[in-house]
Amino acid sequence: MGETASVLLGLALILGAGWAVLVVVRRLTRPIRSRAARRVPPLVSPPAAEPLGDQVGDELRAEARLLSSELGDPQREELEESERFGSAVERLAARRLPIEALLKLAREGNRWVARIALGALARRDDIPSDWAPYAARRLRRAPYDQAWLFLRTLERAPDEVIGLALAQIAHVIDRDLAELIAARVREGRENVGEDTFREHVPPALAPEVESLLDEYEETLPAEVRTAFDGWRADSVDLSFLRSFATVWERPYDAPPALLAGERAELVDVIYEAVTRSPPQSLLLVGDHGVGKTALVRAALDRLPPAWIVIEATASSVNAGMSYIGELEGRVEGIVEQLRGRKVVWVFPALEEALYAGQHMRSPTGLLDHLLPHIESGALRIVAEVSRAAYEALVAERPRVATLFGRASVRPLGETDTIAVARHALEHGALDVDASPEVLSESFEFAGQFLVGAAQPGNLVRLLHATAERVAEEGKEAIETADVLATLASASGLPLSLLDPTERLHLDRVRAFFEQRVLGQPEAVEALVDRIAMVKAGLTDPTRPLGVFLFVGPTGTGKTEIAKALAEFLFGSASRLIRLDMSEFQTPESLERLLSDTSLEAQGAPLIASVRKDPFSVVLLDEFEKAAAPIWDLFLQVFDDGRLTDRHGRTADFRRCVIILTSNVGSSITRGSSLGFQHAAEPFRPAAVERELLRSFRPEFLNRLDQVVVFRPFERSQMRALLEKELADVARRRGLRGRPWAVEFDESALTFLIDEGFSPELGARPLKRAVERHLLARLAHAIVEQTVPEGDQFLFVSAPRGSIEVRFVDPDADTDEAGEERLPERAEAEARELDLRALVVAPHAGSRAAGFLLAELRRIRTAILAEAVQGRKRAALDAVSEPGFWEEAGRFAVLAEAEYLDRLDAALRTADKLGERLERQAERSGDRSSELTSLLASRLYVLEQALAGLEEDAPQDVFVRLRPAAGSRPPEAAPFAGTLAEMYLAWGERRGMRVERLASGAGTEELLAVSGLGAASILAREAGLHVLELVTAKTGGGSGVDRVSIAVQIAPWAPGAPDEGTSLTALAARAFVEAGSPTQVVRRYRHEPAPLVRDAVRGYRTGRLDRVLAGDFDVF
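Numbering follows the working numbering, with no gaps: position 658 of the sequence shown is 1577.
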C-alpha cells in the first residue's frame, strides 16, 4: 500500500504542470459563478493544519490534487456523479480513523480534502455533540458544494440539530434541509416543538422558515408546521417594532470590542441584568465617548439567537404622536409586544424621555408612561445617560434610581485607551496601521482638542476618521501629520496652531486682525496673546479657551473682531454663535436659555449650537442687560466650561472662546464738532472702567481673562474703514466682472464718512451709506451699460452734499466735440502756465500736461515732507497718550489730525489722476482737457491747503453776507442771495462742503464751509462786494447805483461739544470776535457789458457768468 501511495505521489508531481493547464482550461470554459458562492469565510478559526505525515494523509492529498485537476470547482451534481470522489470517500470511511482526526480533516483548508472528509464523516455514528453547532453555522457561509455535505453530517448527530439548522437557513439547501428534518423526525432521532423555534430561530427569520415549510409541505411532517405556527403566534411582531425602533442584526459586536480595564466585569453585569428572571432594567451612566454602547453590544452579543434587540429613542417613540392619548396607546402596544418575550430595548439618552410627550395640558411624558412597566418587569431596558443627565433625571423623577440598576462607566486610562484604539484599527474594515509613537501623540491631541468626548471614544473616533482619510490617499500607515490634518478639518483650527513643530508667526496673526478691525490695538493684542497661549498649550484645560469682555460704544468693531476670531481659529465666520442678551432680561428667561431648540420652539440656540459645533466663538451681546440669574449661570460656564440644559444634556464650552460685549460707561451725547456731523462727548476709558466696577460684581469680573475697552473711531480710522468697505464693494459680482475704473475725489470720501459714521451707531451706518449714496448711482451706469472702456473712468465727487458720478473720457477733447473755445484758454496757452489759469481754462497741450505733472511732484514732495507728516504723527501720537481725552486742547489736536488725513487722501486722488494723464500721453501722445481740468483743480486746492498750513490758518470757516452800511435791504437781499449761490457753486467746483445755515432772514445769508484750503481761499473774500447798477437819469444820460454786501469770514474753531447747540448758534458766537473789513473786494456789473473787477486778486474779466458760477478765485 505504501508503494502505491508513493507511485501516485510521483505521478502527481510529474503531471503537475499538465494538470495546471487542464484546470485553467476547465475554469475558462465553465459558467461564471458568483463570488459569494465561491467564498469560504471562516466563522470559527479552524485548528492550525499540521502535516499529517502518515500514509493516509499523503494518499488523501494526492487524491485531492487529482480531483481538483479533474473537476475544478464542482457543482453538487458533478460531485454526486464523480466515481473518483465517491471512491475516495469510500476508502477514507473504511479506514475508521479516530473521530478527532476525521473532524480535523473536515476543517482542512484544502477544500478537496475537506469535501472527502465531510463525505466520510456523514457515515459515522460517533459524531461528538460540539460538531453540530459548528456544522450548522457553516450552512449559510460555506459554498453550496460544501454546505450540503455539512448538512449530511448532521443526519446522524446525536443531539438536536433541526433548530440549529433552521437558524442558518439558506435558500440553496432548502430541499436538503427539508429532507433532513423529515428523516430525523421519521426515524425518531428528534422531536420538533415550539421550543425548537423559540430557542434557536431568530424571529427575523420567520418569513424564510415559513417559505420553506410552504414549499416542502408534502415532504415535512405535519407536527413541524404545527410547532412553527404556535411559535409564530407567540413571537414578536417585527413590523410593529420597526415602526418606531431599529432591530439589531447579528453579530452585534463586530468587530468585537477589546474589554480593557474593568470592562469585562461590566459586560457580565449587563448580561446578567437582562437575562435574570424577573428582568432588571439597567442604566449605564458615563460621559459621552466613554464606551457605553460598545459595552452594550458586547454583552448582548452573548444572547442566544432567539433573543431580539431593538434600539429606540424618545423622539422615535414619540414621532407622529399629535393627539392626546396617542402616546399612551403606543406605549401600551409596545408593552403588549414585549411583555414576557426575550426582547431587550436599548434606549440611548434616556433623559430625553422625561420631556418627550409633555404638553401644556399634561406634564406627563414618555418616561412616566414607561416606569410602571419597568417596575413590573414587562420591559427589559438597557439605557444610557451621562452623569449630568442622570443627576438631573433623578432630581426630577427619584423613582428612576430605584427602578433601574446602575452601572457606572468611567473613562479608561492612557494605556487602556491606546490599546482599545489599536484593537479597533487592527480589526476595522480599513487596512491601516499606526505606530506606538503615533498612537501616543494622537492620545495627547485627542485629550487636548476633543474634550467633548471621553476616553477611549475621543481617540477611537479621531483615529477612525484619520484612517478613512489615509485609506482614500492609498497609504497604509497613519502619520502624525495625518492626525493633525483630521483635527484641522474637524475643528477648523489652522495647522499652525495644532502642529507643535510648526512655528506660528504672531506678526501675521496680528496683521490678520488689524486688517479686519481698525483702530482697536488693545483688542488685537488681547486676541494675539490668547492665540499664542492656545498654541503653546498654556490655557487652562478645564475652562473655555478665553473669556473676554469687550466694552465700548456701539459700532466700534466688537462684533467684527469676534467674527474675525471665528474665521481665524475655526475657519469660518459661521462658527460665531451670537446671543442678544437683551432678550434675557427677566429671571424667567433662564428657562428659555436652558431649553433645547430641537425640542422646544422657544428655546435659545446656545446649548444646541455649542453641542453641534464645540469649536466656536460665543458672542454674548449687551451682556449687562441680562437678568441676574443669567449672570450666575455664566459664572459656572466661565469656571467649569460646561453648561447643562434642563434635559440633562451638557454642552462643552472648553473649546470655545466666549466674548461678552457691553456699552456700560460708553454712552454718547451729541454736541458740535468739525464738519457737518455732530460729535460726541469725549470718550474717557477711565470713566468706562469706573462704570464697570459699579455695574458688574467683583466675582464676575474676576472670572474674565481680560477686559478690553474699545475706543470711538478717529477720523483717520474712519477713512481706512471706508476704503476697506469700498474695496469689499469692488469684489461684488456686479463690479468684479466688469472693467471698472473708479476714482474718488476727497470730497466724496469726506461725504461718505460723514454719512457713514455717527456717535450713536459708530460705523454701523457705513454699509448703508455706501449702498444708498454710491452704489445706487453706479447701479444706473451698470443697468444703462454706460461702463468705462480703455482709459475712460468714473470720477466720484460730492458737490452740494450729494454724490455725483462723472464720466471722464481722456480720449475725447472738448474742442473736437465742438465746445466753444474760450478766450481765456488761448491766453493761457500763450502765457506762462498757472494752476488757476488751467482750472478756469483747461487745455490739452503737452506744455500743460508737463506743467501739471511737475506741479504734482512739487506738491507731493511738500505734503510728504517732514514738516507736514511730522505734524500728523505728533497729532496721532497725542491722541494715544494717557489722559488725552480729558485735556482741554484735545479738539484742536483731533481737528489737525483729521485735516492732515484728508490732505493725504486728496494727494492720493491727484496721484491717480496724474498716472492717468501720464499713461494717456505715453499711449497716444494726446491729452484730455477734461482730465487736465480735474487734475489742475485738485492741485490748486492742495496748494491752497498747504499755504493755510504754513500760516496756521483755521481749516474751516463760517461766511456771513449782510447789507453794508448805506445799502437798502430790499435791493441788497437779491444780491446777497446771488453771492451765496456763487459760494455754493464754488464749493461744488472745489470739492468743499458748504451748508446754507440761513437764507433771506433779514437779508442775511449764513454759510458753513469745510474743506481743504477753504479758509485760505475764502480769507480773501472778506470785505465789500459791490453790485453796480447802471440806471437812466430823468434828464437823460445814465448813472450808477451801487448795492454793497459785507462779507465776513470767521473761523469755525474746534471746541468742546455743547449739547443742543446748533451750527447757527456757533456761527453767531464766532462772528462776535470777527472783524468787519471795509475794503472793496470785488465789483460786479451786468451792463452795458459784463465786467468783474477784483481788487484783492488783481484781475478784471468780462466773464461775469464764470465768476458767479464759482470760479471767482482762479481768474
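Even for Gly, the Cβ is constructed at its ideal location relative to N, Cα and C.
Label residue i either buried or exposed according to how many other C-beta atoms from any shown protein chain fall within 10 Å of its C-beta, with 16 as the threshold for buried.
| i | result |
| --- | --- |
| H1288 | buried |
| V1278 | A small correction: the amino acid at residue 1278 is His; Val does not occupy that position in the sequence shown. Exposed, because fewer than 16 other Cβ atoms sit within 10 Å of the Cβ of H1278. |
| N1110 | exposed |
| T1475 | buried |
| K1531 | exposed |
| E1869 | exposed |
| H1699 | exposed |
| S1856 | buried |
| S1799 | exposed |
| R1821 | buried |
In three-state terms, what does DSSP make of residue i?
| i | result |
| --- | --- |
| D1499 | strand |
| A1866 | helix |
| E1608 | helix |
| G1324 | strand |
| L1016 | coil |
| Q1374 | coil |
| Q1434 | helix |
| S1281 | strand |
| V1536 | strand |
| E1181 | coil |
| L1654 | helix |
| S1305 | coil |
| D2032 | coil |
| T1072 | helix |
| S1415 | helix |
| V1111 | coil |
| V1453 | helix |
Which one or two residues does DSSP pair with residue i in a beta bridge?
| i | result |
| --- | --- |
| E873 | With the chain covering 920 to 2034 only, the question about residue 873 has no answer from this structure. |
| P1967 | Correcting the residue type first, residue 1967 is Gln in the shown sequence and not Pro. R1879, per the DSSP bridge assignment. |
| T2119 | No statement about residue 2119 is possible, as the shown extent of the chain runs from 920 to 2034 and does not include it. |
| W1264 | I1229, I1300 |
| D1352 | A1396 |
| D1960 | L1948 |
| G1942 | V1966 |
| D2013 | R2001, Y2018 |
| F1147 | For F1147, which the question treats as bridged, DSSP gives no partner whatsoever. |
| R1909 | DSSP lists no partner for R1909. |
| E1914 | A1927 |
What number of angstroms, rounded off, separates the C-alpha of residue i from the C-alpha of residue j?
| i | j | result |
| --- | --- | --- |
| G2021 | A1639 | 45 Å |
| A1793 | D1206 | 60 Å |
| I1092 | Y1053 | 17 Å |
| A1691 | L1654 | First, the amino acid is wrong: residue 1691 is Arg here, not Ala. Roughly 16 Å between the two C-alpha positions. |
| L1948 | A1829 | 42 Å |
| I1227 | I1549 | 47 Å |
| V1928 | G1720 | 12 Å |
| S1963 | P1996 | 13 Å |
| L1937 | I1968 | 7 Å |
| P1131 | A1066 | Note that residue 1131 is Leu in the sequence shown, not Pro. For L1131 and A1066, the distance between alpha carbons rounds to 17 Å. |
| E1834 | A1773 | 12 Å |
| E1191 | L1322 | 16 Å |
| L1925 | L1488 | 55 Å |
* Asked: Looking at C-beta atoms only, is the number of pairs between the segment 1239-1252 and the segment 1523-1537 that lie closer than 8 Å three or more?
  -> no
* Asked: Are the segment 1440-1453 and the segment 1611-1620 in contact at 8 Å, needing three or more beta carbon pairs?
  -> A contact between stretches requires three or more CB pairs, one per stretch, nearer than 8 Å, and the segment 1440-1453 fails this requirement with the segment 1611-1620.
* **Any 3 or more C-beta pairs closer than 8 Å across the segment 1619-1639 and the segment 1413-1432** => no
* Contact the segment 1323-1334 vs the segment 1481-1494: 3+ CB pairs below 8 Å -> no
* To do: Evaluate the contact criterion for the segment 1137-1151 versus the segment 1170-1189: three or more CB pairs, one atom per stretch, below 8 Å.
  => no
* At least three beta-carbon pairs within less than 8 Å, the segment 1035-1050 to the segment 1062-1080 -> Yes, since at least three Cβ pairs between the segment 1035-1050 and the segment 1062-1080 fall closer than 8 Å, the two stretches touch.
* Asked: Can we say the segment 1391-1403 touches the segment 1345-1354, given the rule of at least three CB pairs closer than 8 Å?
  -> yes
* Any contact of the segment 1228-1236 with the segment 1258-1274, i.e. 3+ C-beta pairs under 8 Å? -> The segment 1228-1236 makes contact with the segment 1258-1274: 3 or more CB pairs, one atom from each, lie closer than 8 Å.
* **Given 8 Å, three or more beta-carbon pairs between the segment 1428-1435 and the segment 1381-1395** => no
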